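A.B. asks:
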Amino acid sequence: MKKKEILVKVNAWGASHRGNLRVHNEDNIYVDGIFRDELSEDNILIHSRRRASPYVYAVFDGLGGEACGEEASLIAALGLKAMEDINAASDIETYVTAAHKAIINESVRKNAPNMGTTVASVQIFDDHATVFNVGDSRVYLYRDNMLTQISRDHSVVQSLIDRGLLKEEERHTSRYAGELTQYIGMESDEDIRPQVYKTTTSIRSGDVFLICSDGLNDEMSDAQLHDFLEDNSKSGAEAIAAKLIKKATDGKCIDNLSVIVCKLVN
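Sequential numbering of the sequence shown, starting at 159, is according to the numbering used here.
This is the structure:
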């Protein structure tokens, strides 16, 4: 089936950096079929060359330490590419289930029980975008000078905030910070598959989707991200992605960080 032309053009760039303290970069990014397949490349900047929908973007934050986290996020990226190759990337549940099983199998083979990855993804079609995530990597939409998180954190801290047991401003100082309730590769006695959060939103010219690992939002609050995007609203996606990495690494940036910036234009 011939792909339809999208109603707006997408200018997308992704960047991944190991941060200031980590020896390895356990993150990966996926920009229309391009991802970090050479794991020795810790710091990368890639862009989309795709000219027809659907457009597929994702950020992965690997868990398990060093090689295990790197391999988990790479397995998830390879799985998404395999789904795209058969025009099935929109079958999100099948993708997550397959990636989950592949990571579990690899963790058994390596005897690495903590191996896993988050995923946050945007798929842009002719007149809408589908957003999904597992874990605490995020998707934001910047529209009409407003920044909205449209993913949902799967974390202990978010569960406590939802129940009124923790204040938003205590998010990063809580002793539970960083503890996930869902991720791809999570093990359980009942062989429970990770639960996917999924939503759909309309799209229009001027929209900016920001996908990021928690290395970014640990360094910059939502208010700071909003102000940054407002100040750089006339910049292209490449400049925004590169400036976000620089701004974060100018701080402590103790974690790996990855961003994908998608600007929709006429």
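No residue lacks a Cβ here, since even glycine has one placed at the ideal position from N, Cα and C.
Here the structure is a predicted model, which means the values were calculated and not measured.
Please report the residue range of the beta strand (DSSP E) in which T359 lies.
C.D. replies: Y355 to S360 is the span of the beta strand (DSSP E), which, as asked, contains T359.
A.B. asks: Can you tell me whether L323 is buried or exposed? The criterion is at least 16 other CB atoms within 10 Å of its CB, across all chains shown.
C.D. replies: Exposed.
A.B. asks: In the DSSP output, what is R296 paired with across the bridge?
C.D. replies: Paired residue(s): C370.
A.B. asks: Could you name the residues of the same chain whose beta carbon sits closer than 6 Å to that of I398, not counting the 5 residues immediately before and after it, in chain order?
C.D. replies: If we look at I398 and ignore the five residues flanking it on each side, its Cβ neighbours are N390 and V419.
A.B. asks: Let's see if you can read the secondary structure: which residues bound the beta strand (DSSP E) around N492?
C.D. replies: It is not possible to answer for residue 492, since the shown part of the chain is limited to 159 through 424.
A.B. asks: Would you kindly work out how many angstroms separate the C-alpha atoms of E396 and E388, rounded to a whole number?
C.D. replies: Whole-angstrom Cα-Cα distance: 16 Å.
A.B. asks: Which residues does DSSP pair with M304 in a beta bridge?
C.D. replies: Answer by DSSP bridge pairing, in chain order: R301.
A.B. asks: Got a sec? Which residues, its chain only, sit under 7 Å from A400 by beta carbon, not counting five neighbours each side?
C.D. replies: Answer for A400: A173 and L203, listed in chain order.
A.B. asks: Between T255, I187, S248 and A230, which has its C-alpha nearest S265's C-alpha?
C.D. replies: Checked all of T255, I187, S248 and A230; the closest Cα to S265 is A230.
A.B. asks: Can you grab the Cα-Cα spacing for the pair V354 / G222, in whole Å?
C.D. replies: Near 21 Å, if we compare the C-alpha coordinates of G222 and V354.
A.B. asks: Do the stretch 281 to 291 and the stretch 314 to 334 make contact, defined as three or more Cβ pairs closer than 8 Å?
C.D. replies: With a cut-off of 8 Å, the stretch 314 to 334 and the stretch 281 to 291 do not count as touching, because too few Cβ pairs lie within range.
A.B. asks: Can you tell me the Cα-Cα spacing of A240 and L422, whole angstroms?
C.D. replies: If you take the alpha carbons of A240 and L422, they lie about 26 Å apart.
A.B. asks: Between the beta-carbon of G237 and the beta-carbon of Y215, is there less than 8 Å?
C.D. replies: Contact: no.
A.B. asks: Would you report the Cα separation of L305 and K356, rounded to the nearest angstrom?
C.D. replies: So the two alpha carbons sit approximately 18 Å from each other.
A.B. asks: If we ignore side chains and look at the alpha-carbon of each, how far apart do M159 and N245 end up?
C.D. replies: Interpretation of M159 is limited by its pLDDT of 46, a score under 50 that renders its predicted location unreliable; the figure taken from the coordinates is listed afterwards. Going from the Cα of M159 to the Cα of N245 covers about 10 Å.
A.B. asks: Measuring CA to CA, which of L374, H384, S379 and N424 is closest to K404?
C.D. replies: Checking every option, the nearest Cα to that of K404 belongs to L374.
A.B. asks: Since A173 is in the beta strand (DSSP E), which residue starts that stretch and which ends it?
C.D. replies: First-last of the beta strand (DSSP E) with A173: K167 to H175.
A.B. asks: Quick one: residues in its chain with C-beta nearer than 7 Å to the C-beta of I250, no 5 flanking neighbours on either side, listed in chain order?
C.D. replies: Result list for I250: F290, V354 and K356, in chain order.
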